[in-house]
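This report refers to the structure that appears directly beneath it.
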Amino acid sequence: MSEERKENQSVQTAASDTKNENIKILGVIESCGYLRVRKEPNKEADVIATIPVGTMVELVNDEVIDGFYAVHIEAGDGYCMADYIHITYPEKE
1 MSEERKENQS VQTAASDTKN ENIKILGVIE SCGYLRVRKE PNKEADVIAT
51 IPVGTMVELV NDEVIDGFYA VHIEAGDGYC MADYIHITYP EKE
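In this text, residue positions in the sequence shown follow the working numbering: the first is 1, and each later residue adds one.
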């Protein structure tokens, strides 16, 4: 089994272990060297952190706001460009 598939199964298993109303929406950073996390959902907002490609992030929800997803990270909540995040939804039972 490939590493990527193992990682996706781990994410799906972890997410499916939570109650439906508390399911975390996760996304993987891809197609860039790193992704900036900004204070507001626009390209001019201050950068609070950067996330390297391949990193898994928790999304607040799957709604796109002006081209950005709201994310939870260790440095605080912020916004990342949606074009560079691949969402992984948990499997439904």
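Virtual Cβ for every residue (Gly too), placed ideally from N, Cα, C.
Excluding five sequence neighbours on each side, which residues of the same chain lie with their C-beta closer than 8 Å to the C-beta of residue 26? 11, 15, 56, 57, 58, 59, 87 and 88
Would you mind working out which of 28, 84 and 47 sits nearest residue 76, comparing C-alpha positions? 47
Inspect the beta-carbon positions of residue 101 and residue 31 and report whether they are closer than 9 Å. One cannot answer for residue 101 here, as it falls past the ends of the chain, which runs 1 to 93.
Which stretch, first to last residue, makes up the beta strand (DSSP E) that contains residue 89? Segment: none, residue 89 is in no beta strand (DSSP E) and carries neither H nor E.
Leaving aside the five residues before and after residue 39 along the sequence, list all residues of the same chain whose C-beta is less than 7 Å from its C-beta, in chain order. 45, 46, 48 and 78
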